[in-house]
Amino acid sequence: MAFYQQVGSVPPKRHTQFRAPDGTLYSEELVGEEGFSSDSSLLYHRGIPSAIVDARPWELPDQTLTPNAPLTPRHLKLHDLFPGEEHKATDAVTGRRLVLGNGDVRISYAVSSATSPYYRNATGDECVYVERGSATVETSFGALEVGQGDYVIIPRTVTHRWVPTGDEPLRTYAIEANSHIAPPKRYLSKYGQFLEHAPFCERDLRTPTEPLLAEGTDVEVYVKHRGSGPGGLTGTIHVVPEHPFDVVGWDGCLYPYVFNIADYEPITGRVHQPPPVHQVFEGHNFVICNFVPRKVDYHPQAVPVPYYHSNVDSDEIMFYVDGDYEARKGSGIGKGSISVHPGGHSHGPQPGAVERSLGIEYFDELAVMVDTFRPLDLGEGGLAVDDGKYAWSWSGRGPSA
């Protein structure tokens, strides 16, 4: 996204000498997408960013995927994944439990109170939604204070760590891409500025404002990268001789940023609007949408809840964050639930939801949706909290009845 930022000290011209007060030459690093053909930033390090002194394997959290077969819609109860006080020893990176995934995107969930290791995802960008709690996300570009309702966008290979703050456990819903994640192209000009019809804009984004300089030697950085492990992923721990947060300044159009779901301005109409009006981000072969509290359809004969629809080309994954979701009443779905509506299965409101919705003028609901254009398989976390009965909720009876 071509939204230029400058933080800290940078030289007047790119690729020219830039020295510390003691005369030492800073190391210039280009962090860029698509080779040298897309957005990038230039970072100026006190040390050498390529330097490592050791490397050893990191055993990633279980990345095994199981096909959704036989094909059924599912209800996954995320809040059952971390019972009791388990969060006290869990961090937001190594504690992630894989819920769903395919070759384009992986969805994980964590409840944590411990500080994560320094981490970089070398397979794609991450969009982490903060369901509850607060944290400081420390990055090589600077620090970001995040809390409930924040989307945290972290570009590929940016070194960072999650430091929970406050007394409440940090609940994070991580959407990891094998590509880049950005606002929808239809909301951007050809140069990357948000257009007038976009439901959010540059003023809503929070970015690092000052360098985050730290001291330390022989620091471990956990790297997730392409390899031969489950899901084509492998982990490595690099030991770097100097602290990775040694950037005195940077500028460019590629950096981590935060957008809060409360700043999304919903698009409404006289009759029911399709899911693309709720889109907030996109990656390769998937989109991210959010359903926020809003005035609903105001045609005198409007049916506010969605019509039944077949996902011909996509799987639809809805994470129910807060409020009352009118279309799902009677299904058992509540806060912390995920509904999985796979391509090939027609779905829509639960029995009675259409009649109950007539005349309603406002939906008090909050949900994050991921639509994927290749089938999603179930991770170990998803299998562990499948309620086993959602598929029969429209008919009222299952195969044993």
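Residue numbers for the sequence shown, in the working numbering: 2 to 402.
C-beta atoms are modelled at their ideal positions from N, C-alpha and C, and glycine is treated no differently.
No experiment lies behind these values; they were computed from the predicted model shown.
- The three-state reading of DSSP puts residue 181 in coil, since its state is none of H, G, I, E or B.
- Between the alpha carbons of residue 358 and residue 332 lies a gap of roughly 16 Å.
- Residue 206 has 260 as its beta-bridge partners, per DSSP.
- When beta bridges are read from the DSSP output, residue 59 appears opposite 236.
- Following the DSSP letters along the chain, one finds residue 356 inside the alpha helix (DSSP H) bounded by residues 354–358.
- Between residue 157 and residue 349, the alpha-carbon positions lie close to 36 Å from each other.
- Taking the C-beta atoms as reference points, residue 373 is found no nearer than 8 Å to residue 298.
- When the Cα atoms are used, residue 55 and residue 128 turn out to be separated by approximately 29 Å.
- Around the beta carbon of residue 134, 16 or more other beta carbons lie within 10 angstroms, which makes this residue buried.
- For residue 385, the uninterrupted alpha helix (DSSP H) run begins and ends at 381–385, by DSSP.
- Just so you know, the alpha carbons of residue 360 and residue 303 end up roughly 8 Å apart.
- In this structure, the CA atom of residue 150 is about 45 Å from the CA atom of residue 24.
- In the three-state reduction of the DSSP assignment, residue 366 falls in the strand class.
- The secondary-structure analysis by DSSP pairs residue 90 with nothing; it has no beta-bridge partner.
- A distance of 8 Å or more separates the beta carbons of residue 366 and residue 308.
- By the neighbour-count criterion, in which a residue is buried when 16 or more other Cβ atoms sit within 10 angstroms of its Cβ, residue 26 is exposed.
- Under DSSP, residue 175 forms a beta bridge with 109 and 129.
- Residue nearest to residue 257 within the set 122, 240, 29 and 49 is 122 (criterion: CA-CA distance).
- Closest in alpha carbon position to residue 65, among 14, 231 and 155, is 231.
- The Cβ atoms of residue 351 and residue 311 lie no closer than 8 Å to each other.
- Taking a contact to require three or more Cβ pairs closer than 8 Å, the region 134–144 and the region 165–176 qualify as touching.
- Of 223, 345, 206 and 126, the smallest CA-CA separation from residue 120 is found for 223.
- In the structure shown, residue 293 adopts coil according to DSSP, grouped into three states.
- In summary, residue 301 is exposed, with fewer than 16 beta-carbon neighbours lying within 10 Å of its beta-carbon over all protein chains present.
- The residues 27, 47 and 249, in chain order, have a CB closer than 8 Å to that of residue 21 in the same chain once the five nearest residues on each side in sequence are set aside.
- Secondary structure note for residue 188: it is in no beta strand (DSSP E), with a DSSP letter that is neither H nor E.
- Taking residue 381 as reference, the option from 11, 146 and 77 with the minimal CA-CA separation is 77.
- Excluding five sequence positions before and after residue 265, the CB atoms of its chain that fall closer than 7 Å to its own CB belong to 200, 201, 281, 291 and 293, given in chain order.
- Contact annotation, residue 144 with residue 213: C-beta distance approximately 5 Å; criterion of less than 8 Å satisfied.
- Only residues of its own chain outside the window of five on either side were considered, and among them 43 have a CB closer than 7 Å to the CB of residue 15, listed in chain order.
- In this structure, the CA atom of residue 383 is about 8 Å from the CA atom of residue 79.
- No Cβ-Cβ contact shorter than 8 Å links residue 125 with residue 378.
- DSSP places residue 391 in the helix class (H, G or I) of the three-state scheme.
- For the 8 Å CB-CB criterion, residue 30 and residue 50 form a contact.
- Put simply, of 375, 153, 163 and 345 the residue whose alpha carbon is nearest the alpha carbon of residue 112 is 163.
- About 6 Å separates the beta carbons of residue 41 and residue 32, which is inside the 8 Å limit, making them a contact pair.
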